[in-house]
Amino acid sequence: MKISYQKLEDNLISNMRQVIYRYLTSTSLFFGFLFLLLFSNSVFSQEGDAAAGKTLYNANCAACHRLDKPMTGPALRYVEKRLSEEEGLDREWLYSWIRNSAGMIKSGDPYSVRIYNEWNQVAMNAFPQLSDTDIDNILAYTAQEPPAPVVAEVPVGGGGGETSGVSEKLILGALAVLFALLAMALILVRQTLKRFADAKGVVIEETKSTPIWKAFVQNQFLVLVTAIFFLLASGYYVYGYFMQVGIDQGYMPVQPIHYSHKIHAGDNAIDCNYCHSSARVSKHSGIPSLNVCMNCHKAIGEVAESTATAEYSKDFYDGEIQKLYAAVGWDEATQSYTGKTQPVKWVRIHNLPDFAYFNHSQHVSVAGIECQTCHGPVEEMEIMYQHSPLTMGWCINCHRETNVKVEDNAYYTKIHEELSKKYGVEELTAAQMGGLECGKCHY
Amino acid sequence: MKATIKLSLIGILFAGLVSCQKNSRPNFQYMPNMYESVGYETYSESDAFANGIEAQLPAEGSIPRGYSFYEIEDTNEGYELAKAELKNPTKDFTYDKPRAKELYDIYCGICHGIKGNGVGKLVEREKILGVPSYDDVGRAITEGSVYHVIYYGKNTMGAYKNQLNEEERWQVTEYVMELKAELEK
């Protein structure tokens, strides 16, 4: 309701462009306010270029300092103002602190020692390369007002997706209504015609004929053909049903934390081995422990606006990150672990039967096979599912078609030569190396 | 009229059968006792553990074969000590550049950048900010400090000791020092 109203209003405004002066006062007021804001900002920071400061800030400070939330170090918005008001420290103090904080702590500067102890004695890196102007620019950036909350915009943005969905539904509904009306019209026309016929005394003769099913039963050939057809068809479906028992292709369970492979492996191009690091070296491609998540999510406490999709909102994703924090026992406010952890019960998707042996490291490290060969387009999966059937026929097929990577592998030099001679080929497939022998996987 | 009723009945039956397929639960198995191991396997549920967690930590004090201790502590003093003194102690260490690069690109390049200039994919997309370049003068990294930070992590960076083993850590360290030299050129 709200959205459509908003839209209506937008339309109204665009329709009323001709009476532009009507908004003159409010526009000028708005610009005046903006100007005031900008001006007051520049008064605050005295000098320094906030835009240049942002680049410097992101390159040097942002690893440990966020503007509005504590991270490894304190939040830095209005840092200069706070220091001068609360501690009576001027910009000179900041210059020397940023360039050599360790030296100041050693020299016993009281506030330096206090802040160092307050933040669990985490030493701040020294930045001797930053000039006075650089630091001025950074301070100008930290003195900026926070951007106006974009909350108001979000529903409109989300509404964009919704309205398109709504309009689709509307069109479908309209079509349904149209067809219903047509059907009604046809029935009405038929009734009227019949009434006319009755009134005129015309009798519509209904020709008497054997009903179609009776004719069908009387024709024994047709009955036979149909019976055979039905038997074959049901045989086909029963066979198909029995063959898919035990195959979990397409299995897509609901996980305790909504982890999107699309965002991590797709959009951000994080290598599969980053999280599933044991795939390189062990039989199992392990489920990553939560400390691996925290390698990045210590710094990423919420997703960007652009991450949200029509289906999953930013709030939803942020909630999932909070689930991670709860499980790993991370307190965002103090930026430390509470020690209260809660295991996450992930649901295993890919599962080979006990009687088949499979080793990840053999395929990932030795053969150098891409993960996607078996796991499918994981980088496009919002929710992970089993892409391949994982049946024996599927394994064997790949072994028959895939050439073994023998170059630069001293282990294979001799056996490669002998086998090539035996089969009279240049390139050996996994099958020719013994990849079809029962005992290789079943023992 | 009768025919339509019959047809719709068949339709409903068919729809009922088809809708039974559900992707959120695993399929039936012929003989589960052949599919599921009797013995305890990786990630298989078991009543053997009091807390019921499948991924158990090894017993306290257990050490993998060929493991050597890293004795420098995770403190500021430890960092300074490693930075000043730590050298590669592994015997028969041969630097394998292609492998080191591969490991670096997987575990480090995503933030630190393929060239080590602090602009990895995540920094480029403004997910993680403030990743320093390896030639940062304030940090002046050394072989020892690089290894120490890979082992324990520092500030926002997490520890990588469980993703890389000792030998791999030294391979990556060597590669990082190479990138640093390249950047300082």
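Protein chains in written order, with this note's numbering: chain A, 366 to 808; chain B, 1458 to 1642.
Don't be surprised by glycine CBs; every beta carbon is placed ideally from N, CA and C.
{"Asked": "Measure how close the beta-carbons of residue 476 of chain A and residue 452 of chain A come, nearest whole angstrom, since I'm counting them as under 8 Å.", "Found": "5 Å"}
{"Asked": "Within 7 Å of any Cβ in chain B, is that where the Cβ of residue 690 of chain A sits?", "Found": "no"}
{"Asked": "Using only CA atoms, which one of B:1590, B:1572, B:1573 lies nearest to residue 309 of chain A?", "Found": "The first residue shown for chain A is 366 and the last is 808, placing residue 309 of chain A beyond what the model contains."}
{"Asked": "Tell me which residues share the same chain as residue 717 of chain A and place their Cβ nearer than 6 Å to its Cβ, disregarding the 5 neighbours each side in the sequence.", "Found": "723"}
{"Asked": "Taking the straight line between their C-alpha atoms, what separation do you get for residue 478 of chain A and residue 431 of chain A?", "Found": "22 Å"}
{"Asked": "Find the residues of chain A that neighbour residue 1483 of chain B, judging by a C-beta separation of less than 7 Å, and give them in chain order.", "Found": "613, 616"}
{"Asked": "Just grab the DSSP bridge partners of residue 660 of chain A for me.", "Found": "According to DSSP, residue 660 of chain A bridges with nothing at all."}
{"Asked": "Quick check on the burial criterion: 16 or more other C-beta atoms within 10 angstroms. Buried or exposed for residue 1466 of chain B?", "Found": "exposed"}
{"Asked": "What does residue 1494 of chain B pair with, by DSSP beta-bridge criteria?", "Found": "Paired residues: none, contrary to the question."}
{"Asked": "Look at residue 697 of chain A and residue 622 of chain A and say whether their C-beta atoms are less than 7 Å apart.", "Found": "no"}
{"Asked": "Could you check which residue in A:645, A:687, A:650 has the C-alpha nearest to that of residue 659 of chain A?", "Found": "A:687"}
{"Asked": "If I follow the unbroken alpha helix (DSSP H) through residue 450 of chain A, where does it start and stop?", "Found": "First-last for residue 450 of chain A: undefined, no H or E at that position."}
{"Asked": "Using beta carbons (cut-off 7 Å, strictly below), is residue 1567 of chain B in contact with chain A?", "Found": "yes"}
{"Asked": "Going along chain B in order, which residues have a C-beta closer than 9 Å to the C-beta of residue 360 of chain A?", "Found": "Only positions 366 to 808 of chain A appear in this structure, which leaves residue 360 of chain A out of reach."}
{"Asked": "Quick check: residue 1577 of chain B and residue 1563 of chain B, are their CB atoms within less than 7 Å of each other?", "Found": "no"}
{"Asked": "To test your reading of the DSSP string, which unbroken alpha helix (DSSP H) runs of 4 or more residues are found completely within the region 1531-1571 of chain B?", "Found": "1533-1542, 1554-1564, 1566-1569"}
{"Asked": "Take residue 1586 of chain B and list the residues in its own chain whose beta-carbon comes closer than 8 Å to its own, dropping the five residues that flank it on each side.", "Found": "1580"}
{"Asked": "What are the residues in the region 735-765 of chain A lying within 8 Å of chain B by C-beta distance?", "Found": "750"}
{"Asked": "Express the C-alpha separation of residue 759 of chain A and residue 628 of chain A in angstroms, rounding to a whole number.", "Found": "29 Å"}
{"Asked": "With 16 other CB atoms within 10 Å as the buried threshold, where does residue 544 of chain A fall?", "Found": "exposed"}
{"Asked": "Quick one, which residues of the region 712-724 of chain A are near chain B if we go by CB-CB under 7 Å, in chain order?", "Found": "713, 718, 719, 720"}
{"Asked": "Could you tell me the distance, in whole angstroms, from the CA atom of residue 739 of chain A to the CA atom of residue 763 of chain A?", "Found": "10 Å"}
{"Asked": "Counting only the same chain and skipping the five closest in sequence on each side, list residues whose C-beta sits under 7 Å from that of residue 1464 of chain B.", "Found": "none"}
{"Asked": "Give the single residue among B:1545, B:1492, B:1472 whose Cα lies nearest to the Cα of residue 612 of chain A.", "Found": "B:1492"}
{"Asked": "CA-CA distance, residue 662 of chain A and residue 428 of chain A?", "Found": "13 Å"}
{"Asked": "Please name the residues in the region 488-511 of chain A whose beta-carbon is closer than 8 Å to at least one beta-carbon of chain B, in chain order.", "Found": "488, 490, 491, 492, 493, 494"}
{"Asked": "Decide if residue 807 of chain A is buried, meaning its Cβ has at least 16 other Cβ atoms within 10 Å, or exposed.", "Found": "exposed"}
{"Asked": "Leaving aside the five residues before and after residue 1596 of chain B along the sequence, list all residues of the same chain whose C-beta is less than 7 Å from its C-beta, in chain order.", "Found": "1589"}
{"Asked": "Please report how far the alpha carbon of residue 532 of chain A lies from the alpha carbon of residue 550 of chain A, in whole angstroms.", "Found": "26 Å"}
{"Asked": "Closer than 9 Å, Cβ to any Cβ of chain B: which residues of the region 432-455 of chain A, in chain order?", "Found": "436, 437, 438"}
{"Asked": "Select from the region 413-434 of chain A all residues with a C-beta closer than 7 Å to any C-beta belonging to chain B, and list them in chain order.", "Found": "423, 424, 425, 426, 427, 428, 429"}
{"Asked": "Are the C-beta atoms of residue 314 of chain A and some chain B residue less than 7 Å apart?", "Found": "There is simply no residue 314 of chain A to check, as chain A begins at 366 and stops at 808 in what is shown."}
{"Asked": "Our contact map puts residue 1535 of chain B next to residue 1529 of chain B with C-beta atoms below 8 Å; I'd like the distance itself, whole angstroms only.", "Found": "5 Å"}
{"Asked": "Starting from the beta carbon of residue 1574 of chain B, find every residue of chain A whose beta carbon is closer than 9 Å, and list them in chain order.", "Found": "Those within 9 Å of residue 1574 of chain B in chain A number zero; the least Cβ separation is about 10 Å."}
{"Asked": "I need the DSSP call for residue 1470 of chain B, collapsed to helix, strand or coil.", "Found": "helix"}
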